[in-house]
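Colleague: My questions will all concern the structure given below.
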Amino acid sequence: MAEKLGIDLSTYTRIENGDSHLKVKTLFLIAQLLDIDIVALFTNNTTDSHFI
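Its first residue numbered 1, the sequence shown is counted upward by one per residue in the UniProt record's numbering.
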C-alpha cells in the first residue's frame, strides 16, 4: 500500500499506528485504491462489504 501511495513504508507504518497525521490527499488516494467512497472511511457501517 505504501508503494501505491507513493510514501515510504516507515511513513505508512506510522500512519497505521497513529503516530503520524494523514494528509487529505493521501486519504483520498487510499479510498480510491480501496475502491470505496471516502465517506466510508468515516462511518461505522459493518454491513458494508469493505473493511479497513
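We put the beta carbon where it would ideally sit given N, CA and C, even for glycine.
All values derive from a computational prediction rather than experimental measurement.
Taking only runs that begin and end inside the UniProt domain "HTH cro/C1-type" (1 to 41), name each unbroken alpha helix (DSSP H) of 4 or more residues, in chain order.
Modeller: Counting only runs of 4 or more, we get 2 to 5, 9 to 17, 24 to 34.
Colleague: Alpha carbon to alpha carbon, how far is Lys23 from Glu16? Give it in angstroms, no decimals.
Modeller: As a first step, residue 16 is located in the sequence shown; it is residue number 16 there, counting from the start. As a first step, residue 23 is located in the sequence shown; it is residue number 23 there, counting from the start. Those two C-alpha atoms are separated by around 13 Å.
Colleague: Alpha carbon to alpha carbon, how far is His21 from Ala31? Give it in angstroms, no decimals.
Modeller: Position 31 of the sequence shown, counted from the start, is the residue given in the question as residue 31. Position 21 of the sequence shown, counted from the start, is the residue given in the question as residue 21. Near 16 Å, if we compare the C-alpha coordinates of His21 and Ala31.
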